Amino acid sequence: MEIIDGIPASKGLAIGPGFIYSVDDSRPERKMIADSQKEVERYHAAMEKADDALKALYDKAIESMGEETAEIFNAHRLILKDPELIKDVERTIVSDHICAEFSVFRASEAAAKMMESLDDEYFRARAADIRDVANRVIQTLKGNIIDVVNLKEPVIILAQDLAPSDTVKFDRSLILGFCTAMGGSTSHTAIISKALGIPALVGTKILPKDLDRQTMLILDGNEGQLIIDPDEDTLASYYRKQEQFNQQSQLELSLAHQPATTKDGVNVEVVANIGNLADAKDALAKGAEGVGLLRTEFSFMEHMVIPDEETLVKTYHEIFDIFDDEPIIVRTLDIGGDKDVPHLSLTVESNPFLGNRGIRLCFERPDLFRPQLRAILRASLNTNLHIMFPMISSLGEVRQAKIQLQECMDSLEVDQLEFNRNPKIGIMVEVPSAAICADQLAKEVDFFSIGTNDLTQYSLAVDRTNAAVAHLGSELHPAVLRLIHRVIEEGHEAGIWIGMCGEMAGNETAIPILLGFGLDEFSVTPSLLPSTKATIRKWDRQTAKKLAEQALNCQSPEDVKRLVEKYQ
Ligand code: PEP
Ligand code: MG
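Here it is in structure tokens:
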């Protein structure tokens, strides 16, 4: 029996034989060509074929995996047709007389490396998309595309990395789980596995080299482990755990559209964190009662140029349209820090998390901020709109943001364009100074949403992207709990409601403490909606309150965990 550790990417347990999947992604040879015009034509013909194949994969994925997963292939078609990439490839063919295969490889590697250099995990994961599309074109040029893998029995698929186009090559009903050596919690393997409800483990760094069909594997997507050739006792205990887990998830999902009511009858709002239309649909399907955080920076980062006001109106409108009168909290641009946008050429800073980020950058770049505010207001006519400003660290910033919003409304009036005149205004409380001065800030806004991802890193001085200090950055640290408690108390004192959109809102250990503090709204990633609701239903406010008071006096995150266990 051998155990390999990795990052849990999609919950659940899979037990069965493994299938090692590998693709030809070898570096193409750098060959010189004589007729560059002909080579450009050959490149375009391959692109056309690749585009047809992606369209076919989209249609297949719609049937077998649903619209959300299928969308990835549309995104790939956009990468394929990216004018900058095409120009780059053509330039190499024409000026350097290099074959199409290598020209595609060179241009896409440069683009992928640029994405990888970003600190944001989401963008690092997009590098895999660029490479996947490039490899499709290269393989098409070589005449080698294989779009189906015949599995003979249900298996756990093991691969160095899995691109979305790889995952649809398999018959969905025969996939027990995914395990990849590469990738992080927002890699595509993770996204697709969560969407499909398939247990997954990523970032194991190593994988078994070969496996025979008799070797059993256990993939634990909850704890993040791959167990190779388990002994009989281990196997039996995992079969029991699997049964329990599946029953539990089924039950949670069947209740996802019911309210999250505590044992003593208090309805707690559970909403979703989303980044695009596909997330919005997924959120509705999993019981979201609205949107607690629309991360608008993603639509900026996905384009290779700054999207104009009309493009943004269309993007936002599509998302707003699928909700009725549920609240939607749109966060204005939060770029800078770990979210760089290459086409904006932001200044390189030595401490980007303490630098020109979020609202600070927006004040400096009205060319980004104003069209965005106008687009949000224009797209939200029949929407229960809430606008939220990120990275607020002082009262002056809130006032300035509100003035700019008013100026945008005035300009829309002058332009005689229709817009939402009554948005609710809120801020992210994610900087310790905002938490400490919550009493003052609460008088300026309609709501707070606590961003624990940043609040934790700033209050504990632990860079959220630095794996070397990750063990010091627990959101259950008593200092973080005390700040959160203060924000909720002060907010309520001023008569406003308080939500949370940091990852902590979906953490089952933290939920009773947050309930005890009186948090009004929990905003979590769509896949965690059913379990978050289920956890809330297990507690009554009185017990949670007692637990929360004691948690404030704990001495470490471990103490807090032990305390919650004691109450369960
Ligand atoms: C947070 O900081 O908790 C948050 C929700 O924002 P982001 O993760 O986008 O910085
Ligand atoms: Mg944040």
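The sequence shown runs contiguously to residue 564 in this note's numbering. Here a beta-carbon is modelled for each residue, glycine too, at the ideal position from N, C-alpha and C. Bear in mind that the values here come from a model prediction, so they are computed numbers and not experimental data.
Exposed or buried, residue i, counting other C-beta atoms within 10 Å across all chains shown (16 or more means buried)?
i    : result
Y235 : exposed
E219 : exposed
M500 : buried
Q135 : buried
N380 : buried
Q333 : In the sequence as displayed, the identity of residue 333 is Gly instead of Gln. With 16 or more Cβ atoms within 10 Å of its Cβ, G333 is classed as buried.
I325 : buried
L290 : buried
P4   : buried
A42  : buried
P362 : exposed
G392 : exposed
Q400 : buried
E35  : buried
V344 : exposed
V520 : buried
P367 : buried
N269 : buried
V410 : exposed
T452 : buried
A256 : buried
M28  : exposed
What residue range is occupied by the uninterrupted alpha helix (DSSP H) comprising residue i?
i    : result
N449 : T448 to L456
G392 : L391 to V410
L543 : R537 to L548
M111 : A96 to E112
T343 : Unbroken run through T343: none, as it is neither H nor E.
F316 : E305 to D317
G487 : P474 to E489
P367 : P362 to A375
N242 : E228 to S250
D275 : L273 to A281
L525 : L525 to R533
V556 : P553 to Y563
L158 : Counting along the chain, L158 falls outside any alpha helix (DSSP H), and DSSP gives it neither H nor E.
L437 : A434 to A438
In the DSSP assignment, what residue or residues form a beta bridge with residue i?
i     : result
V326  : L290 and I383
L197  : P4 and C175
E517  : E265 and G495
T257  : N263
M424  : S445
G332  : K335
L413  : BP columns for L413 are empty, so no partner.
M212  : P13
M28   : I94
I(-1) : I223
I388  : According to DSSP, I388 bridges with nothing at all.
I590  : Lying before the first or after the last residue shown, residue 590 is absent from the chain, which here runs from -3 to 564.
I567  : The first residue shown for the chain is -3 and the last is 564, placing residue 567 beyond what the model contains.
How many whole angstroms separate the CB atoms of residue i and residue j, which I take to be in contact at a CB cut-off of 8 Å?
i    : j     : result
V198 : T176  : 5 Å
V100 : A130  : 5 Å
E471 : W493  : With 8 Å as the limit, E471 and W493 do not qualify as a contact, their Cβ atoms being about 21 Å apart.
D20  : N146  : In fact, because the Cβ distance is near 18 Å, the residues do not count as touching under 8 Å.
I331 : L357  : 6 Å
Q238 : I11   : 6 Å
L81  : A107  : 6 Å
E283 : L525  : A quick correction: the sequence has Gly, not Glu, at residue 283. The pair is a contact, with the Cβ atoms about 5 Å apart (cut-off 8 Å).
Y17  : I153  : 6 Å
D225 : M(-3) : 6 Å
P13  : R209  : 5 Å
G8   : P303  : That pair is no contact at about 37 Å.
S341 : R370  : So it is not a contact: roughly 23 Å between Cβ atoms.
I484 : G447  : At roughly 14 Å, the Cβ-Cβ gap does not stay under 8 Å, so I484 and G447 are not in contact.
R537 : T258  : 6 Å
P428 : Y454  : 5 Å
I318 : L373  : In fact, because the Cβ distance is near 19 Å, the residues do not count as touching under 8 Å.
Name the two residues that bound the continuous beta strand (DSSP E) containing residue i.
i    : result
Q221 : Q221 to I224
A155 : V151 to A155
F15  : L9 to Y17
Determine whether the Cβ of residue i lies closer than 8 Å to any Cβ atom of chain C.
i    : result
A124 : In the structure shown, chain C cannot be found, because there is only a single protein chain.
Checklist entry - For the ligand FAD, which residues have a Cβ under 5 Å from at least one heavy atom, in chain order? => result As far as ligands go, the structure on display features the ligand PEP and the ligand MG and does not contain the ligand FAD.
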